[in-house]
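Protein chains in written order, with my numbering: chain A, 1 to 457; chain B, 458 to 914; chain C, 915 to 1371; chain D, 1372 to 1828.
4 protein chains.
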Amino acid sequence: MPVHPIEYRYGSNELREIFDIRNKILLMAKVEATLAEVQAEFNIIPKEAADAIRKAASEISYEDVKEEEKITKHETMALARALAKKAGPYGEYVHLGVTSNDIIDTSMALQIKMAGGIIIRRSVELLESIVSRGEEVADIVALGRTHGVVADPIPLSFKFAYWSYLVRKSLERFVRSLDESIMGKISGAVGTMAAMSELTDIDPQLIQQEVLDKLNLKPADISTQIVPRDALANLITTIATFSSALDTIANEIRNLHRTEIGELEEFFEEESQVGSSTMPHKRNPIRSEKVCGLARIVRSLSIAALENMVLEHERDLTNSSAERCFVPEAFLLLEEQIMTLTSVIRGLRVRTDRIKDNLTKYADLSLSERFMIALVKKGVGRQTAHEIIRRISIEAYRSGKKILDVLREDSQVSKYLTREEIEILSDPSTYIGKGREIAKKEFERAKSFLAEVLTYE
Amino acid sequence: MPVHPIEYRYGSNELREIFDIRNKILLMAKVEATLAEVQAEFNIIPKEAADAIRKAASEISYEDVKEEEKITKHETMALARALAKKAGPYGEYVHLGVTSNDIIDTSMALQIKMAGGIIIRRSVELLESIVSRGEEVADIVALGRTHGVVADPIPLSFKFAYWSYLVRKSLERFVRSLDESIMGKISGAVGTMAAMSELTDIDPQLIQQEVLDKLNLKPADISTQIVPRDALANLITTIATFSSALDTIANEIRNLHRTEIGELEEFFEEESQVGSSTMPHKRNPIRSEKVCGLARIVRSLSIAALENMVLEHERDLTNSSAERCFVPEAFLLLEEQIMTLTSVIRGLRVRTDRIKDNLTKYADLSLSERFMIALVKKGVGRQTAHEIIRRISIEAYRSGKKILDVLREDSQVSKYLTREEIEILSDPSTYIGKGREIAKKEFERAKSFLAEVLTYE
Amino acid sequence: MPVHPIEYRYGSNELREIFDIRNKILLMAKVEATLAEVQAEFNIIPKEAADAIRKAASEISYEDVKEEEKITKHETMALARALAKKAGPYGEYVHLGVTSNDIIDTSMALQIKMAGGIIIRRSVELLESIVSRGEEVADIVALGRTHGVVADPIPLSFKFAYWSYLVRKSLERFVRSLDESIMGKISGAVGTMAAMSELTDIDPQLIQQEVLDKLNLKPADISTQIVPRDALANLITTIATFSSALDTIANEIRNLHRTEIGELEEFFEEESQVGSSTMPHKRNPIRSEKVCGLARIVRSLSIAALENMVLEHERDLTNSSAERCFVPEAFLLLEEQIMTLTSVIRGLRVRTDRIKDNLTKYADLSLSERFMIALVKKGVGRQTAHEIIRRISIEAYRSGKKILDVLREDSQVSKYLTREEIEILSDPSTYIGKGREIAKKEFERAKSFLAEVLTYE
Amino acid sequence: MPVHPIEYRYGSNELREIFDIRNKILLMAKVEATLAEVQAEFNIIPKEAADAIRKAASEISYEDVKEEEKITKHETMALARALAKKAGPYGEYVHLGVTSNDIIDTSMALQIKMAGGIIIRRSVELLESIVSRGEEVADIVALGRTHGVVADPIPLSFKFAYWSYLVRKSLERFVRSLDESIMGKISGAVGTMAAMSELTDIDPQLIQQEVLDKLNLKPADISTQIVPRDALANLITTIATFSSALDTIANEIRNLHRTEIGELEEFFEEESQVGSSTMPHKRNPIRSEKVCGLARIVRSLSIAALENMVLEHERDLTNSSAERCFVPEAFLLLEEQIMTLTSVIRGLRVRTDRIKDNLTKYADLSLSERFMIALVKKGVGRQTAHEIIRRISIEAYRSGKKILDVLREDSQVSKYLTREEIEILSDPSTYIGKGREIAKKEFERAKSFLAEVLTYE
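Take a look at the structure:
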């Protein structure tokens, strides 16, 4: 039975299969076969050899390779031997002129490309759901809060627009970092292509290009025994930033789901879902909590990925064990966060009743700025107006009264504002500035971006 | 097929089974059964119910629980229902007066206790191997190096003694942090034991004590819905420090294994092991490299564990998903490091030929301090003597000569030191101060500690 | 003007002066003078030389040393030269038989010892304030919350007891890790004491012991050119755990300070303090927010300290630049957190009115477990009782009624519980189990610990 | 005296002044003045008020503001009051319609823009020095190494080209992340521009645009009370990746500087520099070690910056204290690394003698692949050829002979290769494949990029 939750609990099967060790072997075999194919095209090896290797690659099993690894203690050499055995006499043409990491790094690039495609797909769904739910709630005005304390009101769509921004920018950066990471190499033991150069008069840079073209990858600008690990570190820190953006959104939903606020509720399967094994009334925002918890792991991986860049000379092996852990973890945990948040957003219950109640209850707190501005418009100096409202707030606090009540009775205020004016100003739903327009603009930007990213192959 | 290397590549099966999700279920069932047993002893539930629940706990399967979880979306509630079903009419006595985390945290403490025992056992083997190999090499004098540049010589045992110190202290801290972490709780929904208090007149603190006594655990000094996560954070950072100590040792072996130094060699299975798929001569220190690579992951987990302490109110759920990842990873990767380093130390080839060659070749660099001190003993002021030898070193560097050769010809030096004196001082093997004694003392400390830790149950 | 906030904003002047570069120079000079004193006692150097060096050490200025460093590019050598100049003819006895890090590491241990003493003092004040405020509120019953959702009630003292636990354990660990870190060394270039061994027949281990005794430090069990950095890494991760404990407490205060909860309020200087430059009513929990913000930095330092352990051979210099940053930052930021939280706790306004209102308002949510248990006591099976209350909760949720109202009318419930029984059970203030006793016990433990730690010299 | 090394030791004065708290105040005043100017242009406030505020802003001092902060406990409010006082009757127009973070975030964007410009300038110098030194050494062939063990040879320029790639890509990413971070905001208390909307009929989005245009900044796509912190987190992780790239290069120089390798030497001021206070011969790569040490701090800051993204509602204050630390640290420490590495690269001594010696000494190890390929070209199967050379390597290892010597005598090899052929193949300087071409291409890419980045305003 599995131990790590990315095996069975976090991430989709579709993504898991990409990082499955069996798939890794198959992709490595595919790179070997593609190399042979290109070498045959350049007449470096017989066409029949390339065919035999392609066939062997399609038949190779994980077990075949593990059997060889027991002997050689070297994963790629084990693969080469297993392929060679299957390819019969043509087996001698396997792995010609290359080093292990030509195969390992190129196949990792294939994995990352496929995995990245899935992340993009999932992110598109998340962004769509945020925009769609956000557009629905443009007419709802809710309390804003800063420092956990009531502040100016906002249209609820403004909050969704902020989330849209966070996901859109995260995805933009992800696409860019992914694109930069999809680099393979066929450059040999130290990156100079020396072995291949001796084997043939063809420029080995052409061979590298051709192999990677067939695999839909780009060559690294320069490689040593391996592709430099800066792009991977950049990809993982980008994933960590993405993950922290999702943490921000899920954390917000948790806070708005609080009993005492109750403005947004994570959905709950009432018929059967159990919130607590001992408190039967419980409806906990467990999905959002999971999104926040996983961010802790994904953030921490950025440290491993950064340390991982520092390799000695033309490479050392310290990256290998670290990457076996952090690459699949980063992708599968990010995917789990995205998918979970998508379902939370889609199922989110917008409690208009609670939103309205809260807005009414704390109206005066949400309007202190407005009254200060109103005084300014009547000719009071800004600093003076601030001090007047501050004084009124303190009086209200001390006496347990509402600010609005104190304000209505205040002799200094009444010099400037009539009862009617105060009444008109006391409606928080009209104090939202350009919130709706700003939100709308963001949704437009998100939709344009979605249209664009969907064409990403 | 698995994705994460802790499933199949890193860590022992013995340790893996402890963190296996099936074992987790069995341990949770064991806690439920122990609770029932204690409740029966205190006449809160019938003796027959406790027996039925114990029997159900021994028969429960992972699949039973997963079936229920599909409905409830709640792991512990699913377990309770599965147990209840198996226990027939007595099923109603399952999970009485407790909350999920009474079961989850207590069973996690059981896992950590068992896993910690394995780590201690592995560490003992590592420390023994270091001490044993260290004692073997007390007579060998080798170059010391600081900043990667040759410095005073050392007895080779001194280096092993430093490693012994690192592992001994790491293990001391681990035992202490582990001990502090083995806390369970039976304190209910928010830690006040309210439900149990209503159920019975027995002091629920007694019930908690009794359940944990039977499980060989301690109660948390105070718990909310969960055991506070500070002790776990402390355990994980202790593991990260341990891991970095192993990184230090493995990194040293890699450096001494370098072609140009070659004083220590990681063992190599000559008959079959392949060092490189393209450079057939290669003998790479791959095991030590793995130890260093894994430290990157383990170090990073300390961040996740520290963030994990911050929970709201009487708990939120963000710790749950994070811990599912970092707890098994920390243990399994540390174990892999320890086991790998043990095999490296045991198989380490001490190349006395290379050590001697290097010592001879760079003798003059390793003795510059000695000559400065020799001048001091002859009455030259310390700062003056330092400047004399510094001057000679520069002359040697510029002319490409050996320092010793320049020194022998130096008119200022010859005022104080005779040719014979210089010759005697020129033997680096006699310039090791108290290195051997210090190393010996450390080995004695390590052996005393080992004798003591072996009695740790 | 300064750049980094630890220069002027975070931490006390008292602590700042310890890490001040001028103090560092003075402490290094003190170590040199103590070394000379011991060497004079052992007749290695003239008594007059030791006196002259002691005098020079008392007169040395930061500027003297910086002048020399411009030439030598070596901090300790600059100090030795500056001391030597001041000591006149006896200057030649400065720094005899030692290496720079004998001075640097030993003086850093002095700094850490002094700084640690301040942290202990500050922590004692924090713990005292928590216990004292906690004991005051033992009679107040408040809502408990899990997942941000109302749960069983707790006595308010229980929350303070949890904080007491967090600070007490953090301080316990800090004292232990500090104690382990206060190690000096006088063991020379590679730790073998070779130079000193040649200078004199006295066992240099005695000299090391004597110097460190005079400085109230312990010798490292083994040192290379430097004291091993594992104890420092352990100290910094302990500080990071401490910092995260403070983050937990401050975060809780922020949540309880929320407008909609309002049970605890960070104090506010009404006469003059401004909460917002634009919203005059604002009373924000800015001190608690600062405590949480600083935890981000302190946590991150643990990574630097862990990486810092890995040094090559008998040392490399990579630790030096890193430690110059993370050591003072860790101490000063932790101190700022402790001092800030102490003032927050002392000034905390306990809003009994809001606590009571909330308890009444959400009583039914906080009692769902109690009613389940009440049914069990009347003979209903536990799982059945859970399902009954869950059903009632859903009905209440759907109809917008209070659970208690639905429960009173429920025909299934009324089979077991009378109106009177339901009324009695409906008082949340009697549903706090052993919360008060557990809190009291913790406060006793804290007071015992405080009595003990205050004797720590 | 200062405590933190960024005050006096790391980073340039030029950069330090940007983050100086006095400069921060001046920039905040500048934003206030620019706001007033735009408001005057739009006839929201009198032209004279804008002039008075501009004048006040030019005269304000740090001390003025600190005086006010003692009263208000609010930094921006203190600035507004200090400005207002200086502006006399027009002081009432200061800070009109905005919130503190309109000023704080916008001035931080100004700081980051200026600081980023300096980093770009420094990076350009570093990249130029790498390219220039790399082009000089294109004719030198040196040993390649993987796993610390000798591998195929490389042209020395290839190593510099790898460094060029690392710095070029780091700078590319830095420019992009910087560009994305230079966002200001004039959007009020919660981002809706409500106050400004009430003050005037002008669209406040125009006012924001106009203010930021004058300051050469861009508006955030959407802002709450603050600019979202994702772009800052992305900038800091980009800096951490850059820092790790420099760590890689400096670490390589340290390894090649080792006594036993000695191929590259960090420069040393022979006349005066002291390598060790006790070992007078020492020439340590201390500058490169510093670069590596600082990377530990910079990497760790990425964690703080990632956690820093997660803010509640329309903002909380936890970002404030954290950013005060990590923003200046990240810039100043990165700058120190870049400047230090530039001086190291410029002063690097290429020891062609040692390079040649090593190449000769370990020629046979560096050519094992070549002989395998040679056999393949003669018709031996690849896997068979690998096994032949592996066998020969083992024989050589066991007998202590050179591989080339064993190979020359090997009966299996002599079936395929003549003595003459073996002799020709035995010259490592001809086995560098396309290394020179690849390096040249990279230098061209770097030069194009430099030409482009230099136009970056």
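All C-beta atoms in this analysis are idealised placements derived from N, C-alpha and C, irrespective of residue type, glycine included.
Identity of the residues DSSP links to residue i by a beta bridge
{"i": "B/V606", "result": "B/T603"}
{"i": "C/I1068", "result": "C/A1056"}
{"i": "D/R1493", "result": "Paired residue(s): none; D/R1493 is not in a bridge."}
{"i": "C/E1179", "result": "C/R1263"}
{"i": "D/M1554", "result": "D/K1589"}
Whether residue i touches residue j by CB criterion (8 Å)
{"i": "D/I1392", "j": "D/Y1433", "result": "yes"}
{"i": "A/I186", "j": "A/V227", "result": "no"}
{"i": "D/P1699", "j": "C/V1367", "result": "no"}
{"i": "D/L1844", "j": "D/I1491", "result": "Outside the displayed span of chain D (1372 to 1828) sits residue 1844 of chain D, for which this structure offers no information."}
{"i": "B/A513", "j": "B/E494", "result": "no"}
{"i": "C/I1336", "j": "C/L1321", "result": "yes"}
{"i": "B/A595", "j": "B/A896", "result": "yes"}
Length of the line joining the Cα atoms of residue i and residue j
{"i": "D/Q1580", "j": "D/G1462", "result": "24 Å"}
{"i": "A/L311", "j": "D/N1626", "result": "11 Å"}
{"i": "D/A1449", "j": "C/R1359", "result": "45 Å"}
{"i": "D/K1732", "j": "D/E1634", "result": "13 Å"}
{"i": "D/R1452", "j": "D/T1477", "result": "19 Å"}
{"i": "C/K1073", "j": "C/L1057", "result": "11 Å"}
{"i": "C/T1192", "j": "A/I140", "result": "24 Å"}
{"i": "A/E289", "j": "A/S302", "result": "21 Å"}
{"i": "D/I1774", "j": "D/A1666", "result": "40 Å"}
{"i": "A/R122", "j": "A/E335", "result": "7 Å"}
{"i": "C/T1060", "j": "A/A305", "result": "35 Å"}
N- and C-terminal bounds of the alpha helix (DSSP H) containing residue i
{"i": "B/Y854", "result": "839 to 856"}
{"i": "A/M34", "result": "It should be noted that the sequence gives Thr, not Met, for residue 34 of chain A. Unbroken alpha helix (DSSP H) run through A/T34: 21 to 41."}
{"i": "A/Q209", "result": "204 to 214"}
{"i": "C/Y976", "result": "976 to 986"}
{"i": "A/F449", "result": "435 to 453"}
{"i": "B/A817", "result": "Here residue 817 of chain B turns out to be Thr, not Ala, going by the sequence shown. Counting along the chain, the alpha helix (DSSP H) containing B/T817 begins and ends at 809 to 818."}
Near-chain D residues of the segment 1095 to 1118 of chain C (beta-carbon distance less than 8 Å), N- to C-terminal order
G1102, A1103, A1109
According to a CB-to-CB cut-off of less than 8 Å, which residues of the segment 523 to 546 of chain B neighbour chain A?
I528, T529, K530, H531, T533, M534, A537
Under 8 Å (Cβ pairs) to chain A, residues found in the segment 742 to 753 of chain B
I743, E746, K747, C749, G750, L751, R753
May I ask you to list, following chain order, the residues of the segment 1217 to 1234 of chain C that have a beta carbon less than 8 Å from some beta carbon of chain B?
I1217, L1220, E1221, M1223, V1224, L1225, E1226, H1227, E1228, R1229, D1230, L1231
Output, in sequence order along the chain, the residues in the segment 1463 to 1481 of chain D whose CB is closer than 8 Å to any CB in chain A.
E1463, Y1464, V1465, H1466, L1467, G1468
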